[in-house]
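Under our numbering, the letters of the sequence shown match residues 6 to 86, in that order. What follows is a single structure, written as structure tokens, with notes after it.
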Amino acid sequence: MKAKEALGLIVTVLSLLIFAYEILYVGLTTGRMGDKGVVTTDAMLISVGFLLIILGPALWLGEVPTNIKKLVEAKTGRKLS
Numbered sequence: 006m007k008a009k010e011a012l013g014l015i016v017t018v019l020s021l022l023i024f025a026y027e028i029l030y031v032g033l034t035t036g037r038m039g040d041k042g043v044v045t046t047d048a049m050l051i052s053v054g055f056l057l058i059i060l061g062p063a064l065w066l067g068e069v070p071t072n073i074k075k076l077v078e079a080k081t082g083r084k085l086s
């Protein structure tokens with residue numbers, strides 16, 4: 006396993022753990038995520054977890070998700086390899 010693939014696997018597992026923590030613990034104990042008008046750590050963690058879920062498999066499997074690839078191709082007008 007290459008270093009890039011190992012990093013992708015770690016990032017994927019970490020992002021799933023962050024998501025599980027946010028949904029199961031924070032969501033069920035407090036009943037809400039975040040506060041109106043205030044940036045809270047739980048809102049930041051769920052955002053970071055979502056971004057890492059996109060990044061992790063791309064590093065691990067060596068390809069980006071198809072929807073993101075199509076979006077970039079449409080915006081730039083170039084075909085990605």
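Don't be surprised by glycine CBs; every beta carbon is placed ideally from N, CA and C.
Counting only the Cα atoms, threonine 17 lies some 30 Å from lysine 41.
At a Cβ-Cβ threshold of 9 Å, leucine 60 and glutamate 10 do not count as neighbours. In terms of Cβ geometry, glutamate 27 and leucine 50 form a close pair [threshold 9 Å].
With contacts defined as CB atoms closer than 9 Å, isoleucine 73 and phenylalanine 24 fail to qualify as a contacting pair.
Under the DSSP assignment, valine 44 falls outside any alpha helix (DSSP H); it carries neither an H nor an E label.
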